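Encoded as structure tokens, the structure appears first; notes follow it.
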Amino acid sequence: MSEKIREGDYVLLFLTPKKTYLVKVEKDKTFHTHKGYVNLGDLIGKEYGVWIESNIGAKFAALKPLIRDYIFKSFRKTQIIYPKDMALIILFSGIGPGSRVVEAGTGTGALTSALAYYVRPTGKIYSYEIREEFVEASKKNIVRAGLDDFVEIKVADITQGIEEHEVDAVVLDLATPWLVVPHAYTSLKS
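With the numbering used here applied, the sequence shown has no gaps in its numbers, which climb one by one up to 197 at the end.
Laid out in structure tokens, this is it:
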């Protein structure tokens, strides 16, 4: 039996491979596109994968979003690391379920979200960001992806030190990563 769409869930409305929309399902909400509008409330109780028709007859598939969809559709104030590079980071660092990871340069939270996705259900990401204006956008993206239970964001300068000890990995996406290497060395597991 497939999973049902509930109010408050996000769905990926798929029109074509280049026209997809990440939307939150709400009872009395309509979503407008160049192909008409769809009543998002009509999706409540339906299974993911169902087709929904706009008021002018365009058909959209309502798909369950993948982590890549949340990343590509994130609210951006900074550049992001793209999934192919995220995959290399995750594979080469051995990050997996239960890992404790320090990350620096939260930015929009794209890499943070990917890391959090892979450390679930018992791991944690400790993400450092020095610019407060990026923290709100990153929190929105992480919450939207449903990964906020696995992330702790700190407004702090990681070049001044890392609070966490015995972590499995340290991932640095900042201008001066070499300034963090001594701190990373002492915070990693022996």
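Here a beta-carbon is modelled for each residue, glycine too, at the ideal position from N, C-alpha and C.
Please read these numbers as outputs of a predicted model, since none were measured by experiment.
Below 8 Å CB to CB, which residues in the same chain sit around Asp49 once its five sequence neighbours on both sides are set aside? Within the same chain, and ignoring the five residues on either side of Asp49 in sequence, the residues whose Cβ sits closer than 8 Å to its Cβ are Ile59.
Would you kindly check if the distance between the Cβ of Ala123 and the Cβ of Leu98 is under 7 Å? 7 Å or more divides the Cβ of Leu98 from the Cβ of Ala123.
Going straight from the alpha carbon of Phe141 to that of Leu181, what length do you get? When rounded, the distance between both Cα atoms is 13 Å.
How long is the line joining the alpha carbons of Gly52 and Pro128, rounded to whole angstroms? Their Cα atoms are separated by approximately 26 Å.
Whole angstroms are fine: how far does the CA of Val18 sit from the CA of Val162? Going from the Cα of Val162 to the Cα of Val18 covers about 31 Å.
Three-state secondary structure (DSSP) at Phe21? Shown here, Phe21 sits in a strand according to DSSP, grouped into three states.
Check whether the Cβ atoms of Ser61 and Tyr44 sit closer than 7 Å, and answer yes or no. At a Cβ-Cβ threshold of 7 Å, Ser61 and Tyr44 count as neighbours.
Thr115: which of Met93, Trp185 and Glu143 sits nearest, CA to CA? Minimum Cα distance to Thr115 is reached at Glu143.
Report the residue from Asn46, Lys42 and Lys26 whose alpha carbon sits nearest the alpha carbon of Asp35. By alpha-carbon distance to Asp35, the top candidate from Asn46, Lys42 and Lys26 is Asn46.
For Thr119 versus Ser134, is the C-beta spacing smaller than 7 Å? Against a cut-off of 7 Å, the Cβ pair of Ser134 and Thr119 comes out as a contact.
Distance check for Phe79 and Thr113, CA to CA, integer angstroms please. When the Cα atoms are used, Thr113 and Phe79 turn out to be separated by approximately 16 Å.
Would you report the Cα separation of Thr166 and Pro24, rounded to the nearest angstrom? Answer to the nearest angstrom: the Cα atoms are 41 Å apart.
Val188 burial status per 10 Å Cβ neighbour count (16 or more: buried): A residue is called buried when at least 16 other Cβ atoms come within 10 angstroms of its Cβ; Val188 does not meet this threshold and is exposed.
Identified DSSP bridge partners for Ala69: BP columns for Ala69 point to Leu20.
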